[in-house]
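Per the working numbering, residue 1366 is the first one in the sequence shown, and the count goes up by one each step.
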Amino acid sequence: MNGYFVLAVALWAQVEAGVYTVGTGQPVWDVSVTDMNGDGLGDVLLLTNDETAFPPRKQLAVCMAEVSGAYGREPAPLLDLPVETGVVFAAEVDGQSPREIVAAHGTGATVYQFAGGRFSVLETVRFNALYPTNSREPCFAKWGAVDLQGDGIEEWLLPVAGGVQVRTLTREVAFLSCDVVSEMRSGDSLYIIHRLPDFVSFTLEGRQALGLAFLSDEFADFAYGDAWSQQKRVRLPMNLEEKWDASASMKDINGNGFPDIVITQTRGTVRMYAETHVYLAREPFVYPEKPDAVFSASGAVSSPLVMDVNGDERLDLIFIRIPFGVKNLVNFFVRGKLAVQAEVHLFDGEKFNQEADYHTSMSMDAPEGRERVAYTFGDFSGDGRLDVAYGSKSDTLAVYTGDPERFIGSRPWQEFKMPAFGTARAYDLNHNKARDMVLFRPGGDNARRVDILVF
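Structure, rendered in structure tokens:
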């Protein structure tokens, strides 16, 4: 008891995080983190564009970490990007640190190298991809580049019609077939929409190169072997006859090195029903016919996250649910408040507990217009348990530490006065035990402001 009390006092007495507010000349649409100068600290990359300007001026703005771990009030250096740029990602193209910057679009990319505090063009590459061209809201590519062969050169994963092209700076390596959904819709305007699958890498015994798994809401496609020439497809089991929507994710939950599958299906609107199925791979490419675990929810938007909650290095399930009950609707329209429920199911190494191990309710100010409540998960206190940061009020970002009795504590561990609408992401900026955070606000009133929190 005394030891627990001392630990609690130590955590609550911890000095507040370093908060660095960065101002930019243009709206920020996306952020990423990489080490641009090889000093071991995370540099924050900001992708900016004024969507109302003509001609547009897209820029990559870099917030360089100082030796102390602090960040300046303005980003530097700035890199002007080609107008046609749709996505940006960092990639190691020559095996020599630091990584290069790739500004890509539908028909190619410009590759920049960084040296002496400046960017310069290294190469221009031509290819065809499903990346947007002339995008008003550029973003960092989710797939980007990965060192799949362990040789220090990162392969690019380019979405193309019917699959993914694997390439490097100098050559095409392979084409991988997977479930890329493409649709055309017409109304007042004509829309062409591409839905890309989720992506994870995995290892197979006796093989140095990583395998690739692509997961849509219908299929899991696997590619492995020499030049990823061996491919398998698994059809996902769907059990709701009146399916309105489905989502799926892949994580290695049971720790055997091969990704497991979590599928969530929803139906209805006001009388919404959501059902999540978990399929654990017993061996590579083999999943059970019946799910290992089933979780259902009625009358609420239900979205599962797969994360380690209690620090035992096992992945657990977190369900974030927004109830559609009368009380929540009244609070939303009358008080401008939104109630969110979190339910946690722990994994014991073999199975999930069917009954929730933790229940927690959270209240926050409801957003307006294009705004969204900022939230993210990470171990910000460095104690090994998962913490939650979210906008408890419109002007307050609160961090709640993990609690072994109720998922997160009833009182905030730290609070920060700042606009709390936007997108918050957890990163490791300084390689200590605690995670750090970047908060930006795309499309909002504070789109030119970025807050970096270093714990």
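A virtual CB, placed ideally from N, CA and C, is assigned to each residue, including glycine.
In this structure, A1469 is the residue among A1469, P1807, N1619 with its C-alpha nearest to the C-alpha of T1498.
Our two residues, V1453 and A1506, have alpha carbons roughly 6 Å apart in a direct line. Here the C-alpha atom of S1759 lies approximately 7 Å from the C-alpha atom of F1786.
CA-to-CA, the gap between H1642 and M1429 works out to about 43 Å.
Of the other Cβ atoms in all chains shown, fewer than 16 fall within 10 Å of the Cβ of V1546; this residue is therefore exposed.
When the beta-carbon positions are compared, R1814 and T1788 stay at least 9 Å from each other. Taking a C-beta distance under 9 Å as the contact criterion, F1742 and I1683 qualify as a contact pair. Cβ atoms of E1488 and L1561 stay farther apart than 8 Å, at about 25 Å. Selection Q1424, D1677, G1407 evaluated against E1502 yields Q1424 as nearest (Cα-Cα). Beyond the five residues adjoining it in sequence on each side, Y1644 comes within less than 7 Å, by CB distance, of D1625, I1626, Y1652, P1653, P1656, D1657 in the same chain, given in chain order. By the criterion of at least three beta-carbon pairs nearer than 8 Å, the segment 1507-1517 is in contact with the segment 1450-1464. Around F1484, the same chain offers L1444, Y1477 as residues with beta carbons nearer than 6 Å, after the five sequence neighbours per side are excluded. Distance between D1512 and V1531, taken at the CA atoms: about 11 Å. The alpha helix (DSSP H) runs lying completely inside the segment 1413-1466 and spanning 4 residues or more number zero. Under the DSSP assignment, I1626 falls in the beta strand (DSSP E) whose first and last residues are 1625-1632.
Taking a C-beta distance under 9 Å as the contact criterion, A1578 and A1510 do not qualify as a contact pair. In the DSSP assignment, I1817 falls within the unbroken beta strand (DSSP E) covering 1814-1819. Beyond the five residues adjoining it in sequence on each side, F1712 comes within less than 7 Å, by CB distance, of I1618, R1679, L1680, D1681 in the same chain, given in chain order.
Boundaries of the beta strand (DSSP E) harbouring Y1556: 1555-1560, taken from the DSSP string.
Look at D1563 here: in three-state DSSP terms it is strand.
By the neighbour-count criterion, in which a residue is buried when 16 or more other Cβ atoms sit within 10 angstroms of its Cβ, Y1792 is buried. Our two residues, T1386 and N1675, have alpha carbons roughly 31 Å apart in a direct line.
The straight-line gap separating the alpha-carbon atoms of D1404 and E1416 is approximately 34 Å.
The C-beta distance from I1773 to T1725 rounds to 6 Å, short enough to meet the 8 Å contact threshold. With respect to V1764, V1753 sits close: the two C-beta atoms are nearer than 9 Å. Annotation: E1720 to E1640 spans about 15 Å, alpha carbon to alpha carbon. When DSSP states are grouped into helix, strand and coil, A1799 belongs to the coil group. At the C-beta level, G1473 and L1495 stay beyond 9 Å of one another. Nearest neighbour of R1750 by Cα position, chosen from E1736, L1762, D1563, P1769, turns out to be P1769.
With fewer than 16 other beta carbons inside 10 angstroms of its own, A1592 counts as exposed.
In the structure shown, W1508 adopts coil according to DSSP, grouped into three states. In the DSSP assignment, V1384 falls within the beta strand (DSSP E) that extends over 1383-1388. About 6 Å separates the Cβ atoms of A1799 and F1745, confirming a contact at the 8 Å cut-off.
With respect to L1541, D1586 sits close: the two C-beta atoms are nearer than 9 Å. Inter-residue distance for G1633 and A1662 is about 12 Å (C-alpha atoms, whole angstroms).
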